[in-house]
Each structure stands twice: as C-alpha cells, then as structure tokens.
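Worksheet for the structure shown next.
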Amino acid sequence: MTTIQPLVLLAPLAGVQLPLDQVPDPAFSSRLLGDGLCIDPTSQTLCAPMSGVISNIQDSGHAVSVTNEHGVQVLMHIGLDTVNLAGEGFTPLVEDGQQVQAGQPLIEFDADFIALNARSLLTLMLVVSGEPFELLVPATSTVETGQPVLQLKPATASVEVAQEQGNALFSKPLTLLNAHGLHARPAAVFAQAAKGFKASIYLHKQTESANAKSLVRIMALQTVRGDTLQVSAAGEDAAAAIEALVVLLADGCGENVVGVAPASTAETPAPVSSATLLRGVCASPGSAFGQVFQIKEAALVITEAGLGEAQERATLTRALSDADRALQAMQANVSGAQAEIFRAHQELLEDPTLLEQAHTLLTEGKSAAFAWNSVTVATTRLFQGLGNTLLAERAADLDDVGRRVLKLILGIQDDALEVPERAILIAEQLTPSQTASLDTCKVLGFVTVGGGATSHVAILARALGLPAICGAPACVLALSNGKQVLLDADKGELHLEPDPVEIEQLETARHQQSLRRQREVAQASLAAVTRDGHAVEVTANVASLQEVEQSLVLGGEGVGLLRSEFLYLDRNRAPSAREQADTYSAIARALGPERNLVVRTLDVGGDKPLAYVPMDSETNPFLGLRGIRLCLARPELLREQFRAILASAGQARLHIMLPMVSLLSELHLARRILDEEVQALGLAQRPKLGIMIEVPSAALMADLFAPHVDFFSIGTNDLTQYTLAMDRDHPRLASQADSYHPAVLRLIASTVKAAHAHGKPVSVCGALGSEVLAVPMLIGLGVDELSVSVPLIPTIKAAVRELHLKDCQCIARQVLNLEEAVEVREALYQFHTATAGTSPVLEN
C-alpha cells in the first residue's frame, strides 16, 4: 500500500483546453482509454506533464506515456487518426525507459502537415491509471505550456496481490433485474464492492467478460434487463466474493428491482412471431427441414497479469502470425467476395490502432491475452454502440478475429464444429470463420439472433447455398437440440411445429429445385427473352475482377453495378491512382467492347467510413454526408476516381453512375467535373452518365432528372428504407422494411414512366432485382435491365424466359393498387402458381 500525495499535472502544450466530451472520436469521448482533458494546440512541442519514466512511446511518434514512481500513468495522444501518418510529421525527443522531468520536451510535431493530412490536431492527455482528479482551469480556456491544469486527488493506491490461482470459481447464471441494466450508478456500486475482496473477479455476459473492479469495463458490457450474467473469481476471497456479489446483483446494486421474464421473451417481436412460428430476416434464400443444433461459444478464462513485457509481446506476435497464416489458408479455399472477407480479417490483424492499444497495456504489465481481448472487445462494443449498421456488422468480423488470436494465445485448439446430420444451427451469432468451415453435407441452414442481411456471414451463407435467417427473436436460443423444425428462409420463418404435408412438399420441392438449377446453369448462355419476344438485359452486381469473370461463365450480359468502394474499404491507405486505373481496365478487358460496364462512383460516408478520409461523427449517418455528397465535398477524391475510371474507356461500353443523388445541382456539378477530366485526357466523348434512384426526392423528380442523364438505376434497398423510414437491417423492422411495399413500387413505376418519356433506360440493381418472385412485376412496370447477384444470373434469366409480357403488365397494374407488402407478395405467389405451376419461394 502506497499513499499518493496530491499531484499536479502540467499542460503538455499551449492551446485551448476542451472537455473530452467535445472530442469527435468515441474512443476518447467515451473515456474508454481513460479520463482527462483535450487541448487544441497552438504550439508544436509536446512536453512532460509530470516527472517520471517514459513507459511507452509509439514508433510513429504520435503518442507517449509517462509513469511516475507511484504508478500514476498519463497518456498523451497528438491528433486524431494520426497513427495513419506512419510517423511523418513527428520527431520523438525521448525513448522508452528514459527518465524525464516535468516540462521536458518529448515530441516535436509539424502542426501544418498534421492539420492537412489527419482528421484533427486535438491532443489528449489521459490519466489511464484511473486516479480521480480535479481540473484547475475552466473549460474552453487558453492554457500555456507548463501551466498547472489538473490535480490528482490524494488517494491510496494498492497493487492487486490477488492473482488467479488455480481454476476460477463460477456462480450459477442469474437474470439481471435492473430496468436499465448496469448503468453508471449500479455499476459503480458493484465495482466498489468487488474491490473489497482479495480476488481476481470478472462479470460475464454470454461470451463477453469484464473486470468486476472496473466501472468502465462493467458499463462497456452494455447489459440490459433480462440478461443472463455470471460472476467468476479466483484467489483468496473467491468464494466469499461470488456469494456477496451474486446477492448484490439480485438486489439490484442499490436500485429497486422487481422480477422479470427470462431474456428470451424480452426480445420477441410480437405479434410477428408466435408459439409455433419465429420470424427474422432472410440472410440467404432457400428452405430446409432438419433438427435444431445450438452453437454456443465457451467462456475463456483470461489472466490479467503478465509474465513480463518481453515475453507477452512475443506471445502476442506469435499468435498474430499464426492467425495470419490460418486466414491465408482459408483464402486459398475460396474465391471472390469470400476471399475478400478473409483478406479484410488479415487487415484487422495489422490494424495500427488495435496494436497500439494492446502494446500500451503490455507495458503496464498485462498479459497478452488480457491486452488483446481488452482492445478488441472495447472496439467491438464501440462499433456496436454507434447506431451504424455497417459498423455493427464489421464488429462481428473484429470479434471473430479477436477470438481467433485469443485462442492462439491461450493455446486452445479451434476445432471444427461437430454437428449432427441434417442440422439447423441456432446461435446468438455465427462468425465468418465458423460459417466458412461449416460441413454442408450435415448443415442444412442456420438461424441467428444477431447479424444483418448484408453481413459477411450472410454473404458466406449465400456462397455456400445454405438458407439462413438473422434477426430472430432471442427465444430461439432456448430451443432444444434435436427438435424438428422447418426453415423457410425466403419468408424469414422458422416453423417449430411443421406440418407433415409441408415437410413432404418441401422435400419434393428441394429435389425439383436441384434439377431446375442444373438446367438453368446449362442454359445460362441463352438470352433473357419472354415467350412473346420482349428482351430483358440481365447483368451482374460485382465488387471484384473474380466476380466479373464468374458472371460471364454464368451468362451475365455485362456489369450493371461495379461497387467501386471495394478498392477503398478494409484498408488503412487510399488506393493509388494507378491501382484504381489498372483494376478498372482489367475488368473492362474481361468484359470486352460489346458489353456494358457501369461503374458506381465511391459510395461511402458516415455509414461506411474510410480510415484515411477524415469524417465527422454523425448522429444519423444514413442521412448524412455519404455517396455523391461526400465526393462533392472532397472534389479531388472524385476527380481522381473519374480519371481512373476513364482509363478504361474504349475497352468496354463504359457507363458512370452517381450514388445517393437527391438534388439536380449535385448532378450538374459532378457532370462538370467529369467533363473537365474527359477534356483533360483528350477523349472524344464523355461516357454515358447516370444516377442511382435510391432517394425518394430523385424518384419523385425523375422527369426533371431524365433530360440530363443517359440512364437510371434503381437501388431498391436504400429506396425502401428511405421511403418507409425503416432501417432495412433493424431486427424488429426488417420484415416490414419490404421492397414489395406499394409505395416503393409506385416510385419505381413513376421513375420508369419519366425515363421512357425521354427515351432513357432503367435498371434495377437493388436486391429486389435478384428475386424470382419480383421478376414479372418489374418487367410489367417497364424495367429494361435487371442487375443481379452473380450466382442468381441463370435463375433470373430462366424466370424471364417463362413469362409473357402482357401477363407481367397485368400483375404490375394489380399490385400497384394494393395496400401492404404482404398483399403484393401473395398476389405474386398466386401469379407464379397460375403461370408456372410452381412456387417461386422454393426456387429462389
């Protein structure tokens, strides 16, 4: 026990002092890394806030930690996202282990360079060792280098002597009763109580754990009423700690609580589900009859204290290297989008921010397992809590990578899942690694509570041909292994008491589906022409050269949507102009001069952020600076992409498409920039230019846009969620955020009418175009082209060949006058049954 005297910290540089709440980076504003203050600097030398030892200085020079003789540790971080500068602009003046005096210069930096090349110059000073403090200067006041700005309150520091000894003890699972979970007040009560025991104590929620003596870690678990928790402890007071803390949780940790129903019922989205039918969102089409098999990840026991920094660094480095080799092997067994997923996982292994934070914890004496798990869990939680669908899905990737490395550190063999025959897997969430390794001879499909229709798990499920639904109610986790269920992924349904007649029909339909698929692939090269001679172009939605090549093998007539952001995502630096140009040219050469290549310009923004493009945090990123808005705000980004795309002119029939256009002025400005680049390159003419119709304003004003474009392409996914004001991946709303809603169909119809009045073609490139059920309706509405998911090209072309245009026009007029999406689907089911004698649900 060591008494810490009052300690004053000095301003490390001059500038305006700001509270952490105003820092536009959740990792700092949420105080995940520690509490302290922020300074918007006016000087260019970072100085020591106190005397001590340099406990860590990053190789990139943008961050440094000082630790004094009492164990107080202060982290200083210059700028936001400055780790991406790889040391450029920073000159370290000290090195690890060096003794420094308060006020001594530590790092010099080029403020002008950083301001131009990083997100922000805001500099953080954080007390990461957790001592309480008081500010000595008011917020938004000017401070000078060396001025006292913060005083640590006298406190007693204790070194945890209760290290884990032998196996930890675990409490029985208990249900959390607090109405708002363990928020700050009850979490503080729990953490304070845990500190009174000589034991290493953890609070567990499913597969996640938190140090029970850390208020921040407990809050980061984001518990809710009805969660199932466990307490574990190891050390001298382990048994007493568990007994007392379980009672404390049951009593509400100082809050008045009453009993609740089990967590499984808390998440059931009534009235959509029932006692015999559970509903979710279709992640991968198809149907299957089989037996339930629950997949549950075992909790991993992690020791916090390390065996020495050098040894723990070596352990982490070895695990990262082994994980990289494993991911490389997984890539070798897949291709296209599947390979891209595991390449992205490799990028996470090299993420400088994750490694920086983990190494900081290693310098504090933590174990490799504790350090790696802490930073990956905290970042995963951060992604999940930002209200951003894409980041939430990428959190699943980070969780997958995190557990892969953690198991390697702990020496745990990650064996393949042993599942019974005809298994329908049920899980809170499957990881991409688990999904890719499924034995499709035994696994017929799966259902998860978490995840979204655009997640990497969904992509892998479609590639494997496994029917799957996500966003299911949590009560699905209570189903018994071996229970016979019917999974109808097309409808997003899991039938718990399937009718024997339905099962027999399903088995017959599955056999017919297999034969039909073989016939469709064999006839893939045939044109998509209706029985009465109406031609529909069927092209591909792609995000790589491999997918383009696959689409041609499957009968694709061109590329209707090249998602150019595949060049930009899951990397730490922007692709060079040469890399972009070479990629577009390679794709154009693969298509040849007789096929269309529609390149969509960069469609990123608040919902799909880039690590190297500074973007402010947005309350609602789907309504913020994304798509063409972001590119026009950063015209050099758009110019560079235009130049790269234009390099492929002449090698294919080049089209350029602008995403998220909502104003005519956006179209005019983008076209002017394109014309300037066309002229600068000396091209004879501009490629065809079109816009995506995915914002209601563009659909409603299609008659005004049409004279100024060469084509329209309708993105039904975004058009649906903006029209209905529903997040298409929301687990409770996704079944209602349905592109078959008559309001969406009316916008499609009016867009086609306006386009055709000016002689302009219309494509549908959203998910609706890839659904067999929707094909007659879209043809009847006048859509000229269907740009679809690559594996479904033969199926969509075959569906077109079975139709008559007049029948399609009739059903299109009928559905426009219906009231609900479910009525539209029912009318289309009946249409298919009457015209083809089969159900499209089982043939998708």
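Numbers 1 to 844, taken from full-length UniProt numbering, label the letters of the sequence shown in order.
All C-beta atoms in this analysis are idealised placements derived from N, C-alpha and C, irrespective of residue type, glycine included.
Per DSSP, the beta bridge partners of F133 are L152. One alpha carbon belongs to A329, the other to A535, and they sit about 44 Å apart. Counting the other CB atoms within 10 Å of its CB gives G286 a total of 16 or more, which places it among the buried residues. Here H708 carries a helix assignment [DSSP, helix/strand/coil].
Counting along the chain, F289 sits inside the beta strand (DSSP E) bounded by residues S287 to I295. Each of C441, G146, S480 and L700 was checked against the Cα of Q291, and the nearest Cα belongs to S480. L719 and E694 do touch by the CB rule: their CB atoms are close to 5 Å apart, below 8 Å. Scanning R671, A244 and I409 for the CA closest to the CA of Q311 turns up I409.
Across the structure, A250 and L567 are spaced so that their CA atoms are roughly 51 Å apart. Beta-carbon to beta-carbon, S770 and L792 are separated by about 5 Å, close enough to satisfy the 8 Å threshold.
If you compare the alpha carbons of E640, A111, A644 and T833 with that of I587, the shortest gap goes to A644. Put simply, of P186, L466, T530 and P500 the residue whose alpha carbon is nearest the alpha carbon of I779 is T530. A check of alpha carbon separations from Q484 across P500, L704, T508 and L638 identifies P500 as the nearest. Boundaries of the alpha helix (DSSP H) around E666: L664 to A680.
By the Cβ neighbour-count rule, T751 is buried, with 16 or more other Cβ atoms within 10 Å of its own.
Secondary structure note for P742: its alpha helix (DSSP H) is the uninterrupted segment P742 to A757. Residue environment analysis places E537 among the buried positions, since at least 16 neighbouring C-beta atoms fall within 10 angstroms of its C-beta.
If you draw a 10 Å sphere on the C-beta of E69, you find fewer than 16 other C-beta atoms in it, and that means exposed. With 16 or more neighbouring CB atoms inside 10 Å of its own CB, G555 falls in the buried class. In the structure shown, the three-state DSSP call for I796 is helix. Between the stretch 228–238 and the stretch 316–326 there are fewer than three inter-stretch CB-CB distances shorter than 8 Å, so the stretches are not counted as touching. The continuous beta strand (DSSP E) containing D40 extends over residues D35 to P41. Here H708 has L664, L667, H668 and R671 as same chain residues with Cβ atoms under 8 Å from its own Cβ, once five neighbours each way along the sequence are excluded. For Y202, DSSP records a beta bridge to N211 and S232. Taken atom to atom, the span from the alpha-carbon of H77 to that of T140 is near 19 Å. Annotated as proximal: V419 and F293, with beta-carbon spacing under 8 Å. When beta bridges are read from the DSSP output, S763 appears opposite S713 and E785. In this structure, DSSP gives Q357 a helical state, which the three-state scheme calls helix. The stretch 8–15 and the stretch 43–51 touch, with three or more beta-carbon pairs separated by less than 8 Å. Look at Q22 here: in three-state DSSP terms it is helix. With a cut-off of 8 Å on Cβ pairs, the stretch 642–656 is in contact with the stretch 677–690, counting three or more such pairs. Between the stretch 139–153 and the stretch 79–93 there are fewer than three C-beta pairs closer than 8 Å, too few to call the two in contact. DSSP, reduced to helix, strand and coil, places T91 within a strand of the structure shown. Within the stretch 438–494, the complete beta strand (DSSP E) segments at least 3 residues long are 443–448, 468–470 and 484–488, listed from N- to C-terminus. In this structure A468 does not touch K442 by the C-beta definition: roughly 15 Å separates them, more than the 8 Å allowed.
Secondary structure in the stretch 540–592: the beta strand (DSSP E) runs of 3 residues or longer, each lying completely within the stretch, are 558–563 in chain order.
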